[in-house]
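Visitor: At position 81 of the sequence shown (counting the first as 1) the number is 141 in my numbering, and the numbers step up by one without a gap.
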Amino acid sequence: MFLRELTAADAPRCAELETLLFAEENPWSVEDLCVAMNHPHTLYIAVVDSLDHGQILGYAGLAMLGPADDPEFEIHTIGVDPEFQRRGAARLMMDNMMFVADRAAGPVFLEVRTTNEPAIRLYESYGFERQGVRKNYYQPSGADAYVMVRMPSAVESNEESEK
Numbered sequence: 061m062f063l064r065e066l067t068a069a070d071a072p073r074c075a076e077l078e079t080l081l082f083a084e085e086n087p088w089s090v091e092d093l094c095v096a097m098n099h100p101h102t103l104y105i106a107v108v109d110s111l112d113h114g115q116i117l118g119y120a121g122l123a124m125l126g127p128a129d130d131p132e133f134e135i136h137t138i139g140v141d142p143e144f145q146r147r148g149a150a151r152l153m154m155d156n157m158m159f160v161a162d163r164a165a166g167p168v169f170l171e172v173r174t175t176n177e178p179a180i181r182l183y184e185s186y187g188f189e190r191q192g193v194r195k196n197y198y199q200p201s202g203a204d205a206y207v208m209v210r211m212p213s214a215v216e217s218n219e220e221s222e223k
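1) Taking the runs of the beta strand (DSSP E) that are 3 residues or longer, which of them lie wholly in the segment 159 to 189?
2) To the nearest angstrom, how far is the alpha carbon of residue 87 from that of residue 207?
3) Going by beta carbon distance, what residues of the same chain come within less than 6 angstroms of residue 191, once the five residues before and after it are set aside?
4) Can we say the segment 106 to 117 touches the segment 158 to 168, given the rule of at least three CB pairs closer than 8 angstroms?
5) Which whole-angstrom value describes the C-beta separation of residue 227 and residue 98, a residue pair presumed to lie in contact below a C-beta threshold of 8 angstroms?
6) The alpha helix (DSSP H) with residue 124 in it runs from where to where?
7) Just the Cα atoms here: how many angstroms apart are residue 124 and residue 134?
8) Taking only the alpha-carbon atoms, compute the straight-line gap between residue 101 and residue 171 and give it to the nearest angstrom.
9) If we ignore side chains and look at the alpha-carbon of each, how far apart do residue 73 and residue 108 end up?
10) Which same chain residues, not among the five before or five after residue 161, have their C-beta less than 6 angstroms away from its C-beta?
11) If I follow the unbroken alpha helix (DSSP H) through residue 147, where does it start and stop?
12) Taking the alpha carbon of residue 80 as the point to measure from, which residue in 178, 186, 142, 154 has its own alpha carbon closest?
13) Taking only three categories from DSSP, how would you classify residue 103?
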C-alpha cells in the first residue's frame with residue numbers, strides 16, 4: 061500500500077466510498093469533496109494499491125484551523141473500502157495526519173459515531189480521548205458522535221512510555 065495526495069480527479073472514487081461506508085447518513089458528494097480538497101488549509105490523502113494510478117483503497121482529510129503559530133487540526137473524514145479494512149490502510153493515513161499535526165504541535169479534534177468501536181480503538185491508540193457527545197450529530201439517522209481530542213502532550217507521553 062502506498063500513500064499519496066488526493067486530487068479532484070479522485071473525487072468520484074472517494075464519493076463512491078462515502079456512499080458505501082456512510083449510506084445511512086449524508087455522504088459527501090463529488091462536489092463536497094472537491095471543495096474540501098481544494099481548500100488551502102487541508103490535506104486530503106489516499107491509500108492506493110500501487111503508485112502508478114493505483115486503485116484508491118481509502119481516503120482521509122485533515123484541516124488546519126486557526127493561526128499558523130497556534131493551530132488546531134480537525135480530521136474531516138477517514139474511510140477505507142470494506143474489502144481492505146483491518147489491513148493497515150487507516151493506520152497509514154493516521155500516521156501521516158498525526159505527523160503533520162505533531163510538527164505544528166497542535167491539538168487534533170474529530171467526531172466519531174459512538175457505536176463505531178473499531179474506529180474509537182484506532183483513535184485511542186493514537187492518544188485521542190473522549191471529550192463529550194454530540195447528540196443527533198449524524199443525519200438523517202440521528203446517531204450520536206463522540207468528540208475526541210488528541211493534545212500535543214499525548215504525543216510526548218506516548219513516546220516517553222515507549223522508551
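Quick reminder that beta carbons are idealized off the backbone N, C-alpha and C, glycines included.
Guide: Based on what the coordinates show:
1) The segment 159 to 189 contains these whole beta strand (DSSP E) runs: 168 to 173.
2) Taking the first residue of the sequence shown as 1, we reach residue 87 at position 27. Taking the first residue of the sequence shown as 1, we reach residue 207 at position 147. So the alpha carbons of these two residues sit roughly 19 angstroms apart.
3) Within the sequence shown, the letter at position 131 stands for residue 191. Contacts found: 207, 209.
4) Touching, no.
5) Given a span of 61 to 223 for the chain in the structure shown, any question on residue 227 remains unanswerable.
6) Sequence index remark: in the sequence shown, residue 124 carries index 64 (1-based). Element bounds for residue 124: not the alpha helix (DSSP H) but the beta strand (DSSP E), 116 to 125.
7) Taking the first residue of the sequence shown as 1, we reach residue 124 at position 64. Taking the first residue of the sequence shown as 1, we reach residue 134 at position 74. Approximately 7 angstroms between the Cα atoms of the pair.
8) Residue 101 sits at position 41 when you count from the first residue of the sequence shown. Residue 171 sits at position 111 when you count from the first residue of the sequence shown. Spanning the two alpha carbons is a distance of roughly 19 angstroms.
9) For the purposes of this step, residue 73 is identified with residue 13 of the sequence shown, where counting begins at 1. For the purposes of this step, residue 108 is identified with residue 48 of the sequence shown, where counting begins at 1. Answer to the nearest angstrom: the Cα atoms are 12 angstroms apart.
10) As a first step, residue 161 must be located in the sequence shown, where it is residue number 101. Short of 6 angstroms from the beta carbon of residue 161, and not among the five residues preceding or following it, lie these beta carbons of its own chain, in chain order: 133, 168.
11) Here residue 147 corresponds to residue number 87 of the sequence shown, with the count starting at 1. Counting along the chain, no alpha helix (DSSP H) covers residue 147, and no H or E run does either.
12) Counted from its first residue, the sequence shown places residue 80 at position 20. If you compare the alpha carbons of 178, 186, 142, 154 with that of residue 80, the shortest gap goes to 142.
13) Counted from its first residue, the sequence shown places residue 103 at position 43. Judged by DSSP in its simplified three-state form, residue 103 adopts strand.
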